[in-house]
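So the sequence shown is numbered by the numbering used here: it starts at 584 and just counts up by one. Backbone N, C-alpha and C define an ideal beta-carbon position, used for all residues, glycine too. Because the structure is a prediction, the values reported are computed rather than measured. Note sheet for the following structure.
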Amino acid sequence: MPIDTTAPLILASQSPRRKELLRAITPDFDIVPSHAEEIIDPTRNAEENASHLAELKAQFVAAHYPDRWVLGADTLVVLGEEIIGKPNDAAHAMEILRSLSGQAHRVITGVAIVHNEQVFSSATVSHVHIKPLSADAIEKYVATGEPLDKAGAYAIQGEGAALVQRHEGSYDNIVGLPLDSVRRLLELAKFPAP
Numbered sequence: 584m585p586i587d588t589t590a591p592l593i594l595a596s597q598s599p600r601r602k603e604l605l606r607a608i609t610p611d612f613d614i615v616p617s618h619a620e621e622i623i624d625p626t627r628n629a630e631e632n633a634s635h636l637a638e639l640k641a642q643f644v645a646a647h648y649p650d651r652w653v654l655g656a657d658t659l660v661v662l663g664e665e666i667i668g669k670p671n672d673a674a675h676a677m678e679i680l681r682s683l684s685g686q687a688h689r690v691i692t693g694v695a696i697v698h699n700e701q702v703f704s705s706a707t708v709s710h711v712h713i714k715p716l717s718a719d720a721i722e723k724y725v726a727t728g729e730p731l732d733k734a735g736a737y738a739i740q741g742e743g744a745a746l747v748q749r750h751e752g753s754y755d756n757i758v759g760l761p762l763d764s765v766r767r768l769l770e771l772a773k774f775p776a777p
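Structure (structure tokens):
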């Protein structure tokens, strides 16, 4: 797992969306995917789960790079009290989109910075209102393949934008990395400004 580099920050995610967003804060970082097990804890609420999963991801990578700043993130889509993950397949994606159709839901991204065994974390909540969707619209969208690796089975920054009526709160959070939270946590962790 160890990489040979001098960048002070590591992003513990392979997400191209998180990589693109993080570039707005600092161009100099490395990517080391985390292989931490992602298990929802039923004794925690959604915000606590998002933060905890982000911490686990960052800690998994930080164990190999103790002197670096490691950023982990985890995004959950929550309808009512139900946490909706990534779809298993196209049929599951259609089922998820039918449940979100005409409804408002929360998008919660937990962010964690781990440095020298210190952990700084938070969760950001945004609200997304999905338009009433016809069976045909759902089928056509799922056929694009875009929803298959996304929590909630849609991407607001992609073709899934056409499904969204409106959103409230951080757009970056809905995409997968709330930049204001990341900046605040990096400051708390005494990350050297670029």
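Query                                                                                                                                                                                       : Result
What residue range is occupied by the uninterrupted alpha helix (DSSP H) comprising R601?                                                                                                   : 599 to 605
Express the C-alpha separation of A718 and E630 in angstroms, rounding to a whole number.                                                                                                   : 31 Å
Please go through the same chain and pick out, in chain order, the residues whose beta-carbon is closer than 6 Å to the beta-carbon of Q597, but skip the five residues on each side of it. : P616
Which residue spans inside the stretch 603 to 688 form an unbroken alpha helix (DSSP H) run of at least 4?                                                                                  : 629 to 645, 673 to 683
Within 10 angstroms of its Cβ, does N756 collect 16 or more other Cβ (buried), or is it exposed?                                                                                            : buried
Could you pull out every residue in the same chain whose Cβ sits closer than 8 Å to the Cβ of F774, ignoring the five residues on either side in sequence?                                  : P591, L592, W652, I696, H698
Here's the rule I'm using: 16 or more other beta-carbon atoms within 10 Å means buried, otherwise exposed. How should T707 be labelled?                                                     : buried
By DSSP, does I593 sit in helix, in strand, or in coil?                                                                                                                                     : strand
Would you tell me roughly how many angstroms separate the C-alpha atoms of R801 and D650, rounded to the nearest one?                                                                       : With the chain running from 584 to 777 in the structure shown, residue 801 is simply not present.
Would you grab the beta carbon distance between A637 and S709 for me? Rounded to a whole angstrom, and I think it's under 8 Å.                                                              : About 16 Å; that fails the 8 Å criterion.
What separation, rounded to the nearest whole angstrom, lies between the Cα atoms of E729 and A745?                                                                                         : 13 Å
Going by CA-CA distance only, name the one from H647, D624, E620 that's closest to K640.                                                                                                    : E620
What number of angstroms, rounded off, separates the C-alpha of P670 from the C-alpha of I679?                                                                                              : 7 Å
Using DSSP bridges, identify the partner residues of I757.                                                                                                                                  : DSSP output for I757 lists no bridge partner at all.
Let me confirm a value: D723 is counted as buried when at least 16 other C-beta atoms fall within 10 Å, else exposed. Which label applies?                                                  : Reading off the sequence shown, one finds Lys at residue 723, where the question assumed Asp. With fewer than 16 other Cβ atoms within 10 Å, it is exposed.
Can you give the beta carbon distance from L659 to N632, rounded, assuming they're within the 8 Å contact cut?                                                                              : 6 Å
Use the C-beta contact count for G735: other C-beta atoms within 10 angstroms, 16 or more gives buried, fewer gives exposed.                                                                : buried
What does DSSP give as the partner residue(s) for Q701 in the beta ladder?                                                                                                                  : H698
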